[in-house]
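Count the sequence shown with my numbering and you get residues 10 to 315, in order. The structure appears right after this line, and notes come after that.
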Amino acid sequence: GTGPEGFQTTHATAELVAELLGDGARDVVVCSTGLIGPHLDRERLLAGVRAAHACLDAVSGPEAATAIMTTDSVSKQATCFADGFTVGGMAKGAGMLAPALATMLVVLTTDAQVTGADCDRALRAATRTTFDRIDSDGCQSTNDTVLLMASGAGGATTPAAFDEAVRQVCEDLALQLLHDAEGSAHDIAIEVVGAASEDDALEVARSVARSNLFKCAIFGEDPNWGRVVASVGTTRAAFDPSMLDVDVNGVAVCRAGRAHADPADVVFEGRAVTVRIDLHAGDETATVRTNDLTTAYVHENSAYST
Numbered sequence: 010g011t012g013p014e015g016f017q018t019t020h021a022t023a024e025l026v027a028e029l030l031g032d033g034a035r036d037v038v039v040c041s042t043g044l045i046g047p048h049l050d051r052e053r054l055l056a057g058v059r060a061a062h063a064c065l066d067a068v069s070g071p072e073a074a075t076a077i078m079t080t081d082s083v084s085k086q087a088t089c090f091a092d093g094f095t096v097g098g099m100a101k102g103a104g105m106l107a108p109a110l111a112t113m114l115v116v117l118t119t120d121a122q123v124t125g126a127d128c129d130r131a132l133r134a135a136t137r138t139t140f141d142r143i144d145s146d147g148c149q150s151t152n153d154t155v156l157l158m159a160s161g162a163g164g165a166t167t168p169a170a171f172d173e174a175v176r177q178v179c180e181d182l183a184l185q186l187l188h189d190a191e192g193s194a195h196d197i198a199i200e201v202v203g204a205a206s207e208d209d210a211l212e213v214a215r216s217v218a219r220s221n222l223f224k225c226a227i228f229g230e231d232p233n234w235g236r237v238v239a240s241v242g243t244t245r246a247a248f249d250p251s252m253l254d255v256d257v258n259g260v261a262v263c264r265a266g267r268a269h270a271d272p273a274d275v276v277f278e279g280r281a282v283t284v285r286i287d288l289h290a291g292d293e294t295a296t297v298r299t300n301d302l303t304t305a306y307v308h309e310n311s312a313y314s315t
């Protein structure tokens with residue numbers, strides 16, 4: 010952390026933004042990213058706030074999305090044009106991407122005529138099945154943020170329509186974040202079915218997503234199902250190992266806990282990889298999305314602070 014001095018910098022930033030916009034400091038959210046520990050140049054930061062305020066307009070969304078990038082290779086934006094209103098958003102985050110907590114920053118805006126309670130409901134529901142279910146490297150930090158701000162300048166809507174629009178934008182941004190994960194060569198969907206509970210399904214999927222051995226195997230396009238079932242076995246999920254099935258890109262590489270199809274039958278084309286795990290313990294499902302672990306990821310993170 011940066012201690013009292015860092016807190017004062019954050020507070021000064023919020024106060025200046027509030028002054029320039031004619032608002033209260035309690036209505037300003039300050040997001041952080043970058044190396045942990047070094048202090049910001051406060052005066053340079055505040056000068057940047059003044060400069061940004063001086064050129065506010067309604068068309069610089071792409072520039073804002075670019076400005077928040079750190080190790081991202083591309084900026085990330087998404088928009089949903091709904092009936093009478095719009096939801097848009099921008100995001101950044103390519104490493105330490107394991108929300109709760111990570112260094113992902115997401116800002117959503119809408120002109121829908123909605124209340125704070127509407128925004129809270131829609132954003133929590135959307136985040137639960139989008140950002141909370143991407144896991145690039147299992148590494149967490151201190152600053153992940155997802156904001157939803159509403160101007161009320163557009164049309165009225167229904168809760169269902171608003172919730173779905175927010176979900177669509179969150180899903181789009183989540184997939185963009187994962188696709189740009191540091192050094193990645195494959196986007197992996199880990200689908201768990203037949204679980205006794207959703208919590209079990211989620212625990213199993215996340216365990217596989219955080220297995221470095223599994224992620225290295227996918228980098229080498231090796232459908233090593235043993236690394237999948239080994240990760241499943243580390244969880245507290247209810248299942249019978251003798252009933253476990255695993256498919257990789259649609260090929261049944263494991264049936265009833267044993268080798269089945271020839272791994273050579275698995276075809277890797279492009280970035281997309283799907284791993285399907287059937288626990289045969291119930292009817293609940295969950296999907297966590299991750300990426301492979303590559304030499305490029307190691308290189309980038311070995312030199313990040315230098």
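Backbone N, C-alpha and C define an ideal beta-carbon position, used for all residues, glycine too.
From the options, residue whose alpha carbon lies closest to that of residue i
{"i": "Asp196", "options": "Tyr313, Phe171, Ala205, Ile143", "result": "Ile143"}
{"i": "Thr139", "options": "Leu253, Asp172, Asn258, Val260", "result": "Asp172"}
{"i": "Asp329", "options": "Gly279, Glu278, Val262, Phe277", "result": "A question about residue 329 goes unanswered here, because the residues of the chain that appear run from 10 up to 315."}
{"i": "Thr119", "options": "Cys128, Ala204, Gly46, Ala111", "result": "Cys128"}
{"i": "Phe16", "options": "Gly33, Arg51, Val282", "result": "Arg51"}
{"i": "Val96", "options": "Val115, Glu309, Pro108, Gly12", "result": "Val115"}
{"i": "His62", "options": "Pro232, Glu28, Thr80", "result": "Glu28"}
{"i": "Arg280", "options": "Lys85, Asp301, Leu288", "result": "Asp301"}
{"i": "Glu293", "options": "Arg285, Asp208, Ala239", "result": "Asp208"}
{"i": "His20", "options": "Ser206, Leu49, Ile45", "result": "Leu49"}
{"i": "Pro13", "options": "Asp32, Pro47, Leu30, Ser206", "result": "Pro47"}
{"i": "Leu184", "options": "Arg298, Gly31, Ala76", "result": "Arg298"}
{"i": "Gln177", "options": "Pro168, Ala135, His308", "result": "Ala135"}
{"i": "Thr283", "options": "Glu230, Gly33, Ala60", "result": "Glu230"}
Residue i and residue j closer than 8 Å at C-beta
{"i": "Thr296", "j": "Ile199", "result": "yes"}
{"i": "Ala210", "j": "Phe248", "result": "no"}
{"i": "Thr154", "j": "Cys40", "result": "yes"}
{"i": "Arg236", "j": "Phe223", "result": "yes"}
{"i": "Ala246", "j": "Ala204", "result": "yes"}
{"i": "Gly192", "j": "Tyr306", "result": "yes"}
{"i": "Val175", "j": "Leu186", "result": "no"}
{"i": "Leu106", "j": "Ser145", "result": "yes"}
{"i": "Ala73", "j": "Met99", "result": "yes"}
{"i": "Asp66", "j": "Val202", "result": "no"}
{"i": "Gln86", "j": "Gly102", "result": "no"}
{"i": "Thr79", "j": "Gly43", "result": "yes"}
{"i": "Val26", "j": "Val58", "result": "yes"}
{"i": "Gly147", "j": "Gln122", "result": "no"}
{"i": "Leu54", "j": "Thr11", "result": "no"}
{"i": "Arg194", "j": "Thr124", "result": "Correcting the residue identity first, residue 194 is Ala in this sequence and not Arg. For Ala194 and Thr124, no; Cβs fall outside 8 Å."}
{"i": "Ala109", "j": "Asp141", "result": "yes"}
Contact set for residue i: own chain, Cβ-Cβ below 7 Å, skip 5 residues either direction
{"i": "Ala170", "result": "Ala91, Asp92"}
{"i": "Val321", "result": "Not covered by the structure: residue 321. The range shown for the chain is 10 to 315."}
Where the beta strand (DSSP E) through residue i begins and ends
{"i": "Arg6", "result": "The question about residue 6 has no answer, for the chain in this structure spans 10 to 315."}
{"i": "Leu349", "result": "Past the edges of the chain, shown from 10 to 315, lies residue 349, and the structure says nothing about it."}
{"i": "Leu157", "result": "154-159"}
{"i": "Thr75", "result": "Taken as a continuous stretch (DSSP letters only), Thr75 belongs to no beta strand (DSSP E), being part of the alpha helix (DSSP H) at 70-76."}
{"i": "Thr95", "result": "95-101"}
{"i": "Glu309", "result": "No beta strand (DSSP E) contains Glu309, which is instead part of the alpha helix (DSSP H) from 304-311."}
{"i": "Ala134", "result": "Looking at the DSSP string, Ala134 is not in any beta strand (DSSP E); the run it does join, the alpha helix (DSSP H), is 125-138."}
{"i": "Ala261", "result": "260-264"}
{"i": "Gln328", "result": "The requested residue 328 is not part of the displayed model; the chain covers only 10 to 315."}
{"i": "Leu117", "result": "114-119"}
{"i": "Val297", "result": "293-300"}
Same chain, Cβ closer than 6 Å to residue i, neighbours up to 5 away in sequence not counted
{"i": "Gly266", "result": "Pro250, Ser251, Leu253"}
{"i": "Pro232", "result": "Val257, Val262, Pro272, Val275"}
{"i": "Val260", "result": "Ala270, Asp274, Val275"}
{"i": "Ala111", "result": "Met105, Gln149, Ser150, Asp153"}
{"i": "Ala131", "result": "Phe171, Asp172, Val175"}
{"i": "Glu212", "result": "Thr244, Ala246"}
{"i": "Gly164", "result": "Gly93, Phe94"}
Residue i beta carbon near the ligand SAH (any heavy atom closer than 7 Å)
{"i": "Ala281", "result": "As presented, the structure is devoid of all ligands, the ligand SAH included, so that no description of it is given."}
Span of the alpha helix (DSSP H), counted from its first residue to its last, around residue i
{"i": "Ala247", "result": "Note, Ala247: premise wrong, no alpha helix (DSSP H); not H, not E."}
{"i": "Val58", "result": "51-63"}
{"i": "Leu253", "result": "Element bounds for Leu253: n/a, residue is neither H nor E."}
Residues near residue i in its chain [Cβ-Cβ closer than 8 Å; skip 5 each side]
{"i": "Asn310", "result": "Gly104, Glu191"}
8 Å Cβ cutoff, residue i in contact with chain B
{"i": "Ser82", "result": "Judged by its chain identifiers, the structure shown contains no chain B, having just a single protein chain."}
Notebook entry, point to check: In chain order, which continuous runs of the beta strand (DSSP E) of length 3 or greater are located wholly inside the segment 170-239?
Noted result: Listed in chain order, they are 196-204.
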